[in-house]
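Residue numbers (our numbering): 849 to 1302. What follows is a short report on a single structure.
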Ligand code: GAP
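And the structure:
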């Protein structure tokens, strides 16, 4: 994990929040490369789970909600962790995570466990009293449940259908940590998929398979993923069954996403508390029914961490260490780096800048001339850039000697380090095939002559 956190800071993926003031515990800021990576992950999730499916629609509900929402959902009463303090060193722990009766840090005596509510509280308006207390949402899901009828009435969707949203959630975790894994402010990618009661078990299985496959589609190794069913005692108050997609993080197997069968619990609770019907009309049975909800709930920040950890590799190339992120091209923060072989030659620099400017209209790309070509390649490998384009003397020719260039550049692929020579005029077609159409490098590269690796 230390290698990942160092790389994240050094290359501008993730910084400690408020670092110049000593940092704020368990809060992180995404830097220039991190913000691209996270956006690519949330966009891939949105595209695959909302845009590409006829049975899904999207939503973006407010973080602040009516306080009754959290009474109805059971969060005011039950969204708690058992907290104990060490009487000697004053450290705090979650009682359910301790293996013995003593403090794991100093062996001191612990206080009795008391229930600690994880919701952040604040006040709406100028008066700070009980009547104006509201909460920062601890899950995005409730925004979906309270809008169920609005979406049903306005979108003409029919059961089975789902509503997805991506947004921030907040939990005053007792034991945050492990970098992006457990934080107090985080982003969720959640779906509530509404089905007929009785069809819920089948849809739960479908979503488990769908979500398990999704992480592999974007490159996570199968061997580092598993599905784990919750025991009865572990189930949340709303769930009939839950399975977690777990990833083998550096600290061990841990939850990446939870896929729960929430039954009709939430819609019934909100109907009871608000007095509004939250049902659909079952044409076959000619009656109003409360649907069941299957909930695949993923963390965007946890996904960033899993994709980074999984992509991180160290290799030896011609006696030298090469660090690379084997990120899926859809997720890579930078898609193309354009590099001049010689920065002293004005024509080479001008051509490289012109090519980069053109590519930047369609793909996130950078120009870099601040080191020798070998160093430049390693720098891009380390942040997961799948393709580098190099402009050299052959590309531009030599005006003084009356030599015209061949108007071709070298494209280098990150993982294989293979290089091919491609006409500048065909660059956009090649990158459209590789980056937009997802045609493999082996197919596209085979059309062009190969040059030596570096
Ligand atoms: N609506 C259901 C729900 O919120 P959860 O298992 O508590 O279920 C779902 O959270 C996902 O949200 C987790 O699998 C994880 O990816 C992410 N998540 C939850 N708490 C988190 C935290 N403190 N820091 C980062 N991610 C978190």
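Idealized CB from N, CA, C, for every residue including glycine. Please read these numbers as outputs of a predicted model, since none were measured by experiment.
Contact under 9 Å by Cβ, residue i with residue j
i            : j            : result
residue 1140 : residue 1045 : yes
residue 856  : residue 870  : no
residue 1216 : residue 1206 : no
residue 1258 : residue 1299 : yes
residue 1241 : residue 1186 : no
residue 927  : residue 966  : yes
residue 1318 : residue 920  : Here the chain has residues from 849 to 1302 only, and residue 1318 is not among them.
residue 1077 : residue 1089 : yes
residue 859  : residue 1131 : no
residue 995  : residue 1011 : yes
residue 849  : residue 1098 : yes
residue 1070 : residue 1087 : no
residue 964  : residue 1022 : yes
residue 1172 : residue 1263 : yes
residue 1085 : residue 1142 : no
residue 1149 : residue 1067 : no
Inter-residue Cα distance where the pair is residue i and residue j
i            : j            : result
residue 1267 : residue 1232 : 17 Å
residue 978  : residue 1029 : 33 Å
residue 914  : residue 1224 : 53 Å
residue 1212 : residue 1105 : 29 Å
residue 1094 : residue 1001 : 36 Å
residue 1101 : residue 1195 : 53 Å
residue 1256 : residue 1168 : 29 Å
residue 893  : residue 1209 : 23 Å
residue 980  : residue 1145 : 30 Å
residue 1055 : residue 1192 : 56 Å
residue 1221 : residue 917  : 58 Å
residue 987  : residue 874  : 18 Å
residue 1026 : residue 941  : 15 Å
residue 854  : residue 1020 : 26 Å
residue 949  : residue 1151 : 34 Å
residue 1154 : residue 912  : 29 Å
Contacting residues, own chain, Cβ-Cβ under 7 Å from residue i (five flanking each side not counted)
i            : result
residue 1129 : 1136
residue 1062 : 896
residue 1126 : 996, 997, 1115, 1118, 1119 and 1138
Close Cβ partners of residue i (< 6 Å) along its chain, the five nearest in sequence each way excluded
i            : result
residue 1281 : 1287 and 1292
residue 1254 : 1242
Cutoff 8 Å; reference residue i; Cβ partners in own chain excluding five residues on either side
i            : result
residue 851  : 1160
residue 1147 : 1034, 1035, 1036, 1037, 1104 and 1105
residue 1060 : 1073, 1075 and 1093
Beta carbon proximity, residue i to chain B, threshold 9 Å
i            : result
residue 1006 : Protein chains in the displayed structure number just one, and chain B is not present.
Q. Are there three or more Cβ pairs, one per stretch, closer than 8 Å when the region 989-997 is compared with the region 969-976?
A. no
Q) Within the chosen definition, does the region 903-916 reach the region 1002-1019 through at least 3 CB pairs nearer than 8 Å? A) The region 903-916 makes contact with the region 1002-1019; the number of CB pairs closer than 8 Å reaches 3 or more.
Q.
Would the region 1167-1187 count as touching the region 878-891 if we require 3 or more Cβ pairs under 8 Å?
A. yes
Q. Are the region 1275-1295 and the region 1241-1252 touching, with three or more C-beta to C-beta distances below 8 Å?
A. Taking a contact to require three or more Cβ pairs closer than 8 Å, the region 1275-1295 and the region 1241-1252 do not qualify as touching.
Q.
Under 8 Å: do the region 1032-1048 and the region 924-937 share three or more Cβ pairs, one atom per stretch?
A. As far as the Cβ criterion goes, the region 1032-1048 does not touch the region 924-937, which means the pair count is below three.
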